[in-house]
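There are 2 protein chains.
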Amino acid sequence: MALNRYSNADKILLAVDSIIFGFDKAGLKILLIKRDFEPELGKWSLMGGFLKEDENLDEAAIRILQHLTGLRTIYMEQLYTFSKVDRDPVERTLSVAYYALIDIAMHDKELINTSAQWFSLDKAPHLIFDHNQMVEKAIARLKRRALSKPIGFELLPPKFTMRQLQKLYESILDKKLDKRNFINKINSFGILVRLDEKDTNASKKGAYLYTFDKVKYDEKVLEGFNFKI
Amino acid sequence: MALNRYSNADKILLAVDSIIFGFDKAGLKILLIKRDFEPELGKWSLMGGFLKEDENLDEAAIRILQHLTGLRTIYMEQLYTFSKVDRDPVERTLSVAYYALIDIAMHDKELINTSAQWFSLDKAPHLIFDHNQMVEKAIARLKRRALSKPIGFELLPPKFTMRQLQKLYESILDKKLDKRNFINKINSFGILVRLDEKDTNASKKGAYLYTFDKVKYDEKVLEGFNFKI
DNA sequence: TTTTACGAGTGTAAAAAAAACACTTTACAA
DNA sequence: TTGTAAAGTGTTTTTTTTACACTCGTAAAA
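Chains as they are written, first to last, in the working numbering: chain A, 743 to 971; chain B, 743 to 971.
Rendered as structure tokens:
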């Protein structure tokens, strides 16, 4: 009886596809790869691979990303499982989408796959299968996340200016923010530490550098906040 | 090459398990079933079954629920995919969890499976496998949902009193609310229509009955709101 | 050497939203 | 007629959010 229940059931291929968000001076970007195998050879796609019998999904997502790009990302989170019957023309395949956050400048040297490329969100090409839908869902999730938890630790360099953090929020929320209100709000969370150093890349006067107070940052990640701005 | 990519990959069993939330006078409940097959025969479990080759996950979730309980639910939503390698002792199985919302009184007659039973959240038994973890995640999701979108259409009878709606929010958020503030807030969304009828079940004076203005309700589901209360 | 240009930094007042709060009404039952 | 139990109803206070403009410091250009 037990064996029947299980043995009657269909076994199915499981893909894991990841939306890799990166951030640099120019804004928020996603990492795409040019497919080097059929079907859809030469088309752009998310980073993806198949789940193995002996690993869980989180492990697969990390393994695939590492293998395809060399990147060891800091933050990955499961997004949604896509299951349309004909989503993959070759064979019935479900795909569990993950999204990841990384600081582009920091990890650029790790990138080993030359067919991988960063695209800003508005200039990204059409993707294979249902990957565009996955990206949309990831953007929506990232937006919600940015409003309810601190974000940036994974996307910014270890030291960053207030304007970089503001720009990050602006690219995620796709909306200009008032700089005074932004600073006041961020400071009210107590997750930043202002250093005595300044960054003079972007201005002659120089801008204070900040780091995250990781303890308070992690507290806020757990408890959440209301970033209504 | 193409065939290789796919044919090297492992195929895996996919379960679909559903957390069914129901609401009645006594509060928020979940529907559990006593397993009638091994392993874990006789233990309590979520409603579950296996995904078939020719259906997508949403379809499977609906089919399984209908088959096990007779219930035709109004609202189902994918929650998360659980993938620990040894989560099912019989065989490697992934499970995609769904959660559903239904009005208990309305659908009680549909319930055909006598081993299915409603439990209030705090009195629910230990469940098999990782099902308790699924329930926790579903409760957290439902809470977030209640704060960002109207909820209740699927859980309440067609006509309901303001106190029933408040009680629903209170059981989801697990927190007492002030009745005047609640009414003011709900009214500000404009999703309710007050009828001339009164319900005298709970009080001698009788309480006004309301219905949802489905058009405005659906608008608010789409645009979301901030129910900070 | 003075002027210009550019981003950095800073605080307050007005408006909106949320929270706190208590008494009256109704109708049935005792 | 009196007691009881739930329904209904607004205002004030507090908190949060928004709007808004000038000075500072430095490097480059005049």
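Beta carbons are placed, not taken as given, at the ideal position from N, Cα and C, and that holds for glycine. Bear in mind the structure is a predicted one, so any value in this text is a computation, not a measurement.
is_contact[residue i, chain B] using C-beta, thresh 8 Å
i, result
"A:A744", "Caution is warranted here: a pLDDT of 44 is assigned to A:A744, below 50, making its placement in the model unreliable, and no coordinate value can be reported."
"A:K753", "yes"
"A:S825", "yes"
"A:E797", "yes"
"A:Y748", "yes"
"A:F792", "yes"
Beta carbon of residue i nearer than 8 Å to that of residue j
i, j, result
"B:H873", "B:S787", "yes"
"A:Y840", "A:V758", "yes"
"A:I844", "A:I816", "yes"
"A:T903", "A:D941", "yes"
"B:L774", "B:Q859", "yes"
"B:A842", "B:M818", "yes"
"B:G764", "B:K771", "yes"
"B:A803", "B:S857", "no"
"A:S890", "A:G966", "yes"
"A:F954", "A:F895", "yes"
"A:Y952", "A:L937", "yes"
"B:L884", "B:L898", "no"
"A:Y748", "B:V838", "no"
"A:R834", "B:E795", "yes"
"A:E912", "A:K921", "no"
Spatially closest choice to residue i from the options, by CA coordinates
i, options, result
"B:L934", "B:P892, B:F967 and B:I914", "B:P892"
"B:L915", "B:E819, B:A882, B:T903 and B:Q808", "B:A882"
"A:V827", "B:R814, B:L799 and B:F871", "B:L799"
"B:A944", "B:R936, B:K917, B:Q906 and B:D955", "B:Q906"
"B:I846", "B:Y748, B:K885, B:G948 and B:A768", "B:A768"
"B:R887", "B:K901, B:L863, B:F969 and B:T823", "B:F969"
"A:N926", "A:T953, A:L884 and A:I971", "A:I971"
"B:K879", "B:N923, B:K785, B:F824 and B:P831", "B:F824"
"B:A949", "B:E939, B:V957 and B:K956", "B:E939"
"A:Q808", "A:V957, A:E852, A:L863 and A:D830", "A:E852"
"A:L783", "A:I762, A:D766, A:R805 and A:F871", "A:F871"
"B:Y822", "B:K918, B:L756 and B:P900", "B:L756"
"A:D766", "A:E780, A:L836, A:R829 and A:P900", "A:P900"
"A:E801", "A:I928, A:K946 and A:Q820", "A:Q820"
"B:F861", "B:E961, B:I762 and B:N750", "B:I762"
"A:A751", "B:N923, B:R777 and B:L793", "B:L793"
"B:A866", "B:K785, B:E780 and B:T811", "B:K785"
"A:T811", "A:N929, A:K946, A:R829 and A:K776", "A:K776"
"B:L813", "B:K946, B:M789, B:F924 and B:N923", "B:M789"
is_contact[residue i, chain A] using C-beta, thresh 8 Å
i, result
"B:L807", "no"
"B:Y822", "yes"
"B:V832", "yes"
"B:V838", "yes"
"B:F779", "yes"
"B:L897", "no"
"B:L919", "no"
"B:F969", "no"
"B:L756", "yes"
"B:S760", "no"
"B:I775", "no"
heavy atom of the ligand FAD below 7 Å from residue i C-beta
i, result
"B:V838", "Within the structure as shown, the ligand FAD is missing, as the structure has no ligands at all."
Residue span of the alpha helix (DSSP H) that contains residue i, given as start and end
i, result
"A:I925", "K921 to F931"
"A:R936", "Looking at the DSSP string, A:R936 is not in any alpha helix (DSSP H); the run it does join, the beta strand (DSSP E), is L934 to D941."
"B:S862", "Segment A858 to S862 is the beta strand (DSSP E) holding B:S862; no alpha helix (DSSP H) there."
"A:T811", "L799 to T811"
Host beta strand (DSSP E) of residue i (start-end)
i, result
"A:D909", "A small fix is needed here, since residue 909 of chain A is Lys in this sequence, not Asp. Not the beta strand (DSSP E): A:K909 falls in the alpha helix (DSSP H), residues M904 to L915."
"A:L770", "G769 to K776"
"B:T953", "A949 to F954"
"B:K753", "K753 to D766"
* Whole runs of the beta strand (DSSP E) within the segment 829-853 of chain A, excluding any shorter than 3 residues -> 835-845
* To do: Go through the segment 868-897 of chain B residue by residue and report every complete run of the alpha helix (DSSP H) that reaches 4 residues or more, in order.
  => Taking only runs of at least 4 residues, the alpha helix (DSSP H) segments lying wholly in the segment 868-897 of chain B are 873-890.
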